[in-house]
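These notes are about the structure you will find just below.
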Amino acid sequence: MTAVLQVIFDALSLGSLYALGALGIALIFGVMRLVNFAHGDYISFCVFAMLWPSIDAAAIVFAGNLPTVILIPLILAIGAGLSVLSEILIFRRFRNANPATMMIASFALGFVIKNFLLMLFSSRPKSIDLWSNLSLPVEIAGARIPLLQVITIIITIVILLGLTAFLKRTRFGLEMRAAAENFTMARMLGVKANRVIMLAFAISGMLAAAIGLILATQSGTADIQMGVSVMLVAFIATVIGGLGSLPGAVIAGFLIGGASVLMQVILPLDARPFRDAFVYGAVIACLIWRPQGLFAPKSTKQRV
Amino acid sequence: MAKRSSLIARTISTLIILILLLIAIAVVTKLVGSRPFERTVVEMFIRVMLVAGLYIFVGNSGVISFGHIGFMCLGAYAAAWFTIPPAMKGVSLPGLPSFLAHAQLHFLVSAALAGLLAAIFALIVGRIMMRLSGIAASIATFAMLAVINTVYSNWDSVTGGTGSIVGIPFNTGIWTALGGAILVVIIAYLYQISRSGLALRAGRDEATAAAASGIDIVRERLIAFVISAFTIGVAGALYAHFLGVVNPDAFYLGVTFITLSMLVVGGMNSLSGAVLGVIVISTIIQLLRWLEKGIDLGGTTIAIPNGLQEIAIGLVMIVILMFRPSGLTRNRELVWRYWPFGKGSVNGVAVSKTIENVR
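Residue numbers (the numbering used here), protein chains in the order written: chain A, 1 to 304; chain B, 305 to 663.
Dropping the structure here:
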């Protein structure tokens, strides 16, 4: 029983990360059909922003030493700022370009951000000491669960509830949902395109920052590659959930997280190194089964 | 509907220009005679093979594939299995089946077999995946790449795991690489004007109308997928013979993105775009590398700081795409304006304007 509980918590906390990432990608895809490959690098940037200006291996954290109540809003603001800035400087000029061009532009931007970090911090992973007392286990129904996992799950639920309330109850949220559904129609009905898109980028950037904070606390290191792996899975989750569907992205994020953890447990020992192959195989199977995604909104259904 | 022969007559000037361009680069490189520079050019020719091979599928079908570098991985490892001396293989790769463990083939044979292996794999996987289109197909190809990478990184007794396999004979020189690049460009050209290629392009531009005209898009896509897998498998084999070392992470996201970028920056829907994209981006990268090392200007060396090269190449790509969203060639082919045999339109685009001086 305790083992089962442990697996459930592992799955939920990994799924939380993927869900937050998928949500960040899906928000932007919804309003401008952009698959933002720079998202993973936003995550890394936010993590390294906590180290700056120190570039030592054992980081003497500058921003990270700030009290929590200042640090969290600061990092969220950095994420949102970077994201909005990339919209204003770059993606705005690609509004009418085809999706492949936008995708490559976002990849190039990610490449720039990554190499900027490499230039400043070099490729060696750095240790970050952020809320290390959170990794202590707590006892829940007999199972010892790291406190951080519980907090990750709670934070994710809070973010999801907050975002849902924002999308369902406020005027901005309504505009964003309308834009995600049918951007042209929304504009014709008086939704301001730039405002909605910038808002989507800001929220997406904050989600990236949140992932960065969680990842840094979890692993205790800052690694330039850390954002990319989350981003790739999140990207897959967005597609499996049905592009343009925000709840779909979140659910698919949890599903992939759950599948990874579950396979780690149930696969025979010899096959465990190949776990990712099974996970990605399941992804292909899922796409063949439902090419338009598990929860595709009606508007994105292809005619042919 | 134009006859086949006249289609060749109208479009072959593109092929001739591209081949002459590649030969010219090889000749100039030989004349310069610097070893490191020659290696850079060999690498560029292999990239031409990759990107032109990628173009066969992506350009004609309009489906972005993140998976083709998986075929490169298959090809490179196959080349290693076929050509490493048996004595070395017995030690480093004990799990190989005996017919591979004792094989030591000529490298051209091994390259052809490597391509074949990739093509067969593509045929099997493509039968399932080519039913998908749009972004779902892209993600499926990416998942395929991830599966290949995971398997090759962990199947220690056959692939050496995440470590490198050494001992692959060095056979790819500049002329071999040039030959490979020309071969792939010719294959890509022939496919593009073949019945299947034209049908696939029709399906890319107007899926509904094409399907209504009796085109089986899934079938044509599969043909393109298999042919492009073959060319990329061969490219992988030549790459293995160039480096002498293979390891799985050399065939993952880095190459995937750089080759896709080259294709899109050049112009995704034209063969000229594929070739020019590689040449232009490679040239810019090389120039920046020289700048990074420092250039001598009247006694003072001017150098850009380390690491700035990568940042600059990313920015250059963004700027190119901003001003030319459909690539440097604007998705048209290079043509020779004074080509005497046959004039008219290719793929519905009037080609009266020449764009041969993009480079």
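Note that beta-carbon positions come from the ideal geometry of N, C-alpha and C, so glycine has one too. Quick caveat, the model's predicted, so the values are computed rather than measured.
For K126/A, the three-state secondary structure derived from DSSP is strand. A direct Cα-Cα distance of roughly 12 Å separates A384/B from L412/B. By DSSP's assignment, A616/B forms no beta bridge with any residue.
About 22 Å separates the beta carbons of G258/A and Q292/A, which is beyond the 8 Å limit, so they are not a contact pair.
With a contact defined as Cβ atoms closer than 8 Å, L51/A and I128/A qualify at about 7 Å. Take the alpha-carbon of I224/A and the one of V550/B: they are about 24 Å apart. A buried status is given to Q613/B, since no fewer than 16 other beta-carbon atoms sit within 10 Å of its beta-carbon. Residue environment analysis places Q496/B among the buried positions, since at least 16 neighbouring C-beta atoms fall within 10 angstroms of its C-beta.
Rounded to the nearest whole angstrom, the CA to CA distance from L311/B to A252/A is 48 Å.
With contacts defined by Cβ atoms closer than 7 Å, G21/A and C46/A do not form a contacting pair. Cβ-Cβ separation between L595/B and A607/B: approximately 7 Å, consistent with a contact (criterion under 8 Å).
For the 7 Å CB-CB criterion, G205/A and I43/A do not form a contact. Within the same chain, F295 come within 7 Å of P247/A by CB-CB distance, once the 5 residues on both sides are set aside. Residue range A143 to P146 is occupied by the beta strand (DSSP E) that includes A143/A. Interface with chain B (7 Å Cβ-Cβ cutoff): Y42/A is excluded.
If you ignore the 5 residues before and after T152/A, its C-beta comes within less than 7 Å of the C-beta of S13, S16 and I214, all in its own chain and listed in chain order. For A607/B, the secondary structure class from DSSP, reduced to helix, strand or coil, is coil. Between N458/B and chain A, the shortest Cβ-Cβ separation is below 7 Å.
Among the residues of chain A, those whose CB is under 8 Å from the CB of A444/B are V283, I284, L287 and I288, following chain order. Nearest neighbour of V230/A by Cα position, chosen from S86/A, I256/A, V31/A and G220/A, turns out to be I256/A. I113/A sits in a helix when the DSSP states are folded into three classes. Excluding residues up to 5 positions away in sequence, S586 lie with their Cβ nearer than 6 Å to the Cβ of M348/B in the same chain. For I536/B, the secondary structure class from DSSP, reduced to helix, strand or coil, is helix. Listed in chain order, the positions of the segment 542-563 of chain B with a beta carbon within less than 7 Å of a beta carbon of chain A are F561.
In the three-state reduction of the DSSP assignment, L325/B falls in the helix class. Against chain A, the beta carbon of V522/B has no neighbour under 7 Å; the closest one sits roughly 11 Å away.
At a cut-off of 7 Å, the C-beta of L420/B has no neighbouring C-beta in chain A. In the DSSP assignment, the residues bridged to D600/B are T605/B. The residue from V488/B, S369/B, G471/B and R343/B with its alpha-carbon nearest to that of Q408/B is G471/B. With 16 or more other Cβ atoms inside 10 Å of its own Cβ, T445/B counts as buried. The beta-carbon of A105/A is placed less than 7 Å from the nearest beta-carbon of chain B. Note on geometry: alpha-carbon atoms of F375/B and T344/B lie some 22 Å from one another. DSSP places V35/A in no beta strand (DSSP E); its state is neither H nor E. With a contact defined as Cβ atoms closer than 8 Å, S457/B and P552/B qualify at about 5 Å.
Against chain B, a Cβ distance below 7 Å from A100/A picks out I368, V568 and M572. Annotation for V345/B: the continuous alpha helix (DSSP H) segment containing it runs R339 to S365.
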